[in-house]
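Quick mapping for you: the protein sequence lines, in order, are chains V and E. Quick note: to get the working numbering, add 42 to the position in the first sequence (first position is 1). Quick note: to get the working numbering, add 80 to the position in the second sequence (first position is 1).
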Amino acid sequence: MLTGAQILMECLKKEGVDLIFGFPGGAVIDIYDELPKHPIRHILVRHEQAAIHAADGYARASGKVGVCLVTSGPGATNTVTGIATAYMDSIPLVIFTGQVPTHLIGNDAFQEADIVGITRPCTKHNYLVKNVADLAETIKQAFYIARTGRPGPVLIDLPKDVVNATTEFSYPESISIRSYNPNYSPNRKQLRKAAELLAQSSRPVIYAGGGVVSSNSAQELTSLAEQCSLPVTTTLMGLGAFPGDHSLWLGMLGMHGTYTANMAVNNCDLLLSIGARFDDRVTGRISSFASGAKIIHIDIDPTSISKNVVVDVPIVADCKLALVGLLEELGKVSDVDWATRFAPWNESLVEMRSTYPLTYAKEGEWIKPQSVVEKVFALSDGQAIVSTEVGQNQMWAAQFFTYRHPRTLLTSGGLGTMGYGFPAAIGAQLAFPDKLVVDIAGDGSIQMNIQELATAVSYQIPVKIIILNNGFLGMVRQWQELFYKKNYCATCLHTNPDFVALAKAYGAEGFLIEKHEDLEPTLRAAFAHPGPVIVDVRVEPEENVAPMVPAGAALSEMLLV
Amino acid sequence: MRHVLSVLVENEPGVLSRVVGLFSGRGFNIESLNVGPTLDPAVSHMTICTSGDQQIIEQITKQLLKLVTVIKVVDLTEEQAVEREMVLMKVGAEDSKRAEVLRVADIFRCKVVDVSPDDLMLEITGDYNKIRAVVALLQRFGVKEFVRTGTVAMRRSMQLGER
Chain V
43 MLTGAQILME
53 CLKKEGVDLI
63 FGFPGGAVID
73 IYDELPKHPI
83 RHILVRHEQA
93 AIHAADGYAR
103 ASGKVGVCLV
113 TSGPGATNTV
123 TGIATAYMDS
133 IPLVIFTGQV
143 PTHLIGNDAF
153 QEADIVGITR
163 PCTKHNYLVK
173 NVADLAETIK
183 QAFYIARTGR
193 PGPVLIDLPK
203 DVVNATTEFS
213 YPESISIRSY
223 NPNYSPNRKQ
233 LRKAAELLAQ
243 SSRPVIYAGG
253 GVVSSNSAQE
263 LTSLAEQCSL
273 PVTTTLMGLG
283 AFPGDHSLWL
293 GMLGMHGTYT
303 ANMAVNNCDL
313 LLSIGARFDD
323 RVTGRISSFA
333 SGAKIIHIDI
343 DPTSISKNVV
353 VDVPIVADCK
363 LALVGLLEEL
373 GKVSDVDWAT
383 RFAPWNESLV
393 EMRSTYPLTY
403 AKEGEWIKPQ
413 SVVEKVFALS
423 DGQAIVSTEV
433 GQNQMWAAQF
443 FTYRHPRTLL
453 TSGGLGTMGY
463 GFPAAIGAQL
473 AFPDKLVVDI
483 AGDGSIQMNI
493 QELATAVSYQ
503 IPVKIIILNN
513 GFLGMVRQWQ
523 ELFYKKNYCA
533 TCLHTNPDFV
543 ALAKAYGAEG
553 FLIEKHEDLE
563 PTLRAAFAHP
573 GPVIVDVRVE
583 PEENVAPMVP
593 AGAALSEMLL
603 V
Chain E
81 MRHVLSVLVE
91 NEPGVLSRVV
101 GLFSGRGFNI
111 ESLNVGPTLD
121 PAVSHMTICT
131 SGDQQIIEQI
141 TKQLLKLVTV
151 IKVVDLTEEQ
161 AVEREMVLMK
171 VGAEDSKRAE
181 VLRVADIFRC
191 KVVDVSPDDL
201 MLEITGDYNK
211 IRAVVALLQR
221 FGVKEFVRTG
231 TVAMRRSMQL
241 GER
């Protein structure tokens with residue numbers, strides 16, 4: 043006979059979990075009592091929101107399921123932002139929350155919150171376990187649901203009496219849920235139709251998203267693009283799914299995408315969307331998005347298809363299987379000489395790319411934030427894992443770092459969660475202890491989870507936080523400048539802390555960069571430092587992210603500013 | 081356009097809240113919702129009446145199926161089906177009006193289930209359009225109370241093609 047707490051540990055081991063992020067409390071103290079007896083490393087964060095972002099960063103970087111454990115009530119509610127972040131970006135997580143004993147549920151007991159009710163709309167699924175006999179099966183289901191189909195967070199609420207109750211333990215070998223059967227294999231007929239459309243097109247574009255990353259099909263995407271000479275753009279979530287230094291690469295599309303990628307999509311006659319969901323930040327005004335194009339849409343989630351745009355060839359499938367299948371079908375219509383057929387189109391895009399590159403005014407007294415990102419890329423030889431906060435820092439990190447491998451950019455794409463980047467970097471660093479992990483941050487965002495310096499220091503997790511410090515909530519300030527007559531209401535951060543002193547107060551290292559000539563040597567010193575580091579880079583205060591498609595405008599109405 | 085969805089779900093706590101939360105969270109309409117057990121105690125049946133264009137109905141259907149606790153969704157509007165709803169209605173029926181109320185009730189095969197000196201309680205069963213017609217006709221006598229079950233529906237076994 044095992045207790046609920048022991049069963050939880052055994053299940054985690056069966057699922058191959060050796061690392062969890064958490065924060066204890068009364069409702070989970072029995073689990074924490076059991077934890078040290080098992081080969082599962084626990085990272086104690088300083089705020090539950092960081093536990094879930096760290097588990098999320100770990101999951102994005104490694105491709106495994108991230109796990110966290112928090113207590114009831116406020117412990118559970120503090121994870122909600124992180125759960126919603128993971129849900130929007132389809133990240134596989136399993137979250138264990140403590141709960142008051144079953145006989146107290148509904149009594150407004152101390153530290154009670156209806157977390158299953160609260161997280162229903164932002165989890166893929168969630169459970170309240172009322173009987174210890176159901177615990178093992180529930181955990182098995184949770185991991186299965188989190189990682190299969192379109193991945194997502196799954197929450198399990200564990201009342202304290204269930205954790206302490208005992209039962210015989212057996213872990214189910216296999217699993218079948220009659221109401222949950224994600225479809226992986228593509229429909230052959232649809233693939234043939236897609237291949238035929240490609241063969242008939244003259245201006246095709248691949249528009250790939252996070253689905254290519256989560257299905258581990260970057261290799262297949264590159265093969266398809268190369269074999270058929272198809273130009274490629276990706277969403278923010280898709281960066282790294284296609285080599286950013288490839289000759290067929292157009293850059294990211296959308297609100298702050300490249301001019302070339304947006305014009306290519308605007309002018310194409312065939313759009314091949316793979317694992318992307320036509321988000322409003324990508325499409326701009328939806329009625330004008332790729333309006334002259336036939337659209338093929340590959341996605342594992344049927345609800346993503348024809349949600350925002352009506353598509354011509356829907357393919358519900360795992361991206362990898364669909365790409366492999368599409369390559370086979372293309373082989374059957376192979377009398378087409380793809381390179382020659384698409385040469386005029388590709389040449390026009392190459393020309394556009396050299397006429398309208400991503401750029402910025404390099405001269406001036408201030409350090410440019412874009413140059414900091416470029417320098418991080420250069421000094422890391424492009425091998426760093428980059429996490430970002432949200433706002434201008436996120437867009438510059440997307441634009442000026444060349445991502446060549448999937449799972450090297452960790453960013454809150456859907457929910458846009460400030461405070462995500464630092465804890466996510468901690469999670470990624472624990473997945474890859476020998477890699478350089480850099481959080482490109484803003485002076486606003488970093489303060490949303492800065493307490494995690496204590497976590498980084500206590501475990502000596504050597505993440506490098508680069509603060510692009512412009513003294514503003516920069517992205518909102520940029521909108522106020524462009525669309526609200528420079529009414530900088532509530533966006534000036536004149537009372538920022540001394541970040542270097544703050545880092546040192548926590549026991550981390552801190553560096554300040556104010557002059558151009560200090561940028562490279564100081565970044566080198568920061569990267570060489572064996573522990574966690576904050577680099578406070580004072581950058582041009584009113585630098586804008588460019589180019590830009592104003593909210594609600596068509597991609598063709600892009601401002602080059 | 082009005083659609084009647086027949087939905088099979090796992091009979092477990094919170095399943096109704098998942099379905100209703102999906103409708104409210106995504107801004108879909110619920111015109112009526114009926115839930116009850118099936119012969120299998122592990123499964124419940126919902127009949128949801130909703131409205132929207134083809135794209136919205138397709139999204140509703142797909143989103144419902146995406147819920148882990150939803151087993152099956154059928155849009156009965158696409159098929160030939162029998163649709164019924166029951167209404168209990170207390171209609172003013174003082175002496176002067178009573179005969180006329182009873183006549184209308186008779187025409188629509190309503191049942192008189194309770195009688196008082198001033199009103200009659202009628203039980204009315206029918207499809208959406210019949211209920212609309214009865215209500216419209218009886219309203220002029222003064223409706224004192226009104227409750228309805230929401231639509232339930234079942235697919236016909238023989239799906240006859242149009243002539």
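All residues carry an ideal CB built from backbone N, CA and C; glycine is no exception. In this text, all values refer to a predicted model and were calculated from it rather than measured experimentally.
- Ala250/V: member of the beta strand (DSSP E) spanning Pro246 to Ala250, first to last residue.
- Between Met279/V and Gly456/V, the C-beta gap is smaller than 9 Å, which places the two residues in contact.
- Straight-line spacing of the CA atoms in Val428/V and Ser131/E works out to 46 Å.
- Secondary structure of Thr141/E (DSSP, three-state): helix.
- Boundaries cannot be given for Lys527/V, as no alpha helix (DSSP H) includes it and DSSP labels it neither H nor E.
- Secondary-structure assignment with DSSP links Gln141/V through a beta bridge to Pro201/V.
- Shown here, Trp291/V sits in a strand according to DSSP, grouped into three states.
- Around the beta carbon of Leu240/E, fewer than 16 other beta carbons lie within 10 angstroms, which makes this residue exposed.
- Put simply, of Lys210/E, Arg228/E and Lys170/E the residue whose alpha carbon is nearest the alpha carbon of Leu200/E is Lys170/E.
- For Val352/V, a Cβ of chain E is located within less than 9 Å of the residue's own Cβ.
- Its Cα nearest to that of Leu182/E, the residue Leu202/E stands out among Val167/E, Leu202/E and Glu165/E.
- In terms of Cβ geometry, Ser487/V and Thr149/E do not form a close pair [threshold 9 Å].
- Met43/V carries a coil assignment under DSSP once its states are collapsed to helix, strand and coil.
- If you look at Gly406/V, you'll find it isn't in any beta strand (DSSP E); DSSP assigns it neither H nor E.
- Proximity of Val171/V to chain E, defined by a Cβ-Cβ separation below 9 Å, is not satisfied.
- Per DSSP, reduced to three states, the secondary structure at Leu478/V is coil, with no helix or strand assignment.
- In this structure, Ile181/V keeps its C-beta atom at 9 Å or more from the C-beta atom of Leu135/V.
- Under DSSP, Cys534/V forms a beta bridge with Phe514/V.
- Only residues of its own chain outside the window of five on either side were considered, and among them Pro143 and Thr144 have a CB closer than 6 Å to the CB of Asp203/V, listed in chain order.
- Contact annotation: the segment 74-83 of chain V does not touch the segment 429-441 of chain V, with fewer than three C-beta pairs closer than 8 Å.
- Contact note: Gly159/V reaches chain E through Gly94 and Ser97, using a C-beta cutoff of 8 Å and chain order.
- Residues of the segment 437-469 of chain V with a Cβ closer than 9 Å to any Cβ of chain E: none.
- The alpha helix (DSSP H) runs lying completely inside the segment 88-144 of chain V and spanning 4 residues or more are 90-104, 116-119 and 122-130, given in chain order.
- Annotation for Asn388/V: the continuous alpha helix (DSSP H) segment containing it runs Trp380 to Thr397.
- At the C-beta level, Val324/V and His339/V stay beyond 9 Å of one another.
- Around His167/V, the beta-carbon contacts reaching into chain E at under 7 Å are Val148.
- Under the Cβ criterion (8 Å, minimum of three pairs), the segment 315-331 of chain V does not count as touching the segment 236-246 of chain V.
- In the pairwise beta carbon analysis, the segment 526-546 of chain V is classified as not touching the segment 413-431 of chain V: fewer than three pairs are separated by under 8 Å.
- Where Met126/E is concerned, the enclosing beta strand (DSSP E) starts and stops at Val123 to Ser131.
- The C-beta distance from Tyr301/V to Pro592/V rounds to 14 Å, too long to meet the 8 Å contact threshold.
- Annotation: the continuous beta strand (DSSP E) that includes His339/V extends over Lys336 to Asp341.
- Ranked by how close their Cα comes to the Cα of Glu174/E, the residues Ile110/E, Gly222/E, Glu158/E and Ala216/E have Gly222/E in first place.
- Using beta-carbon distances, Pro163/V counts as an interface residue toward chain E, with a partner under 9 Å.
- Rounded to whole angstroms, the gap between the alpha carbons of Ile160/V and Asn491/V is 22 Å.
- Non-local C-beta neighbours of Gly424/V in its own chain, meaning closer than 7 Å and more than five positions away in sequence, comprise Thr444 and Arg446, ordered along the chain.
- Against Pro399/V, chain E offers no close residue; the least beta-carbon distance is about 39 Å (beta-carbon pairs closer than 9 Å).
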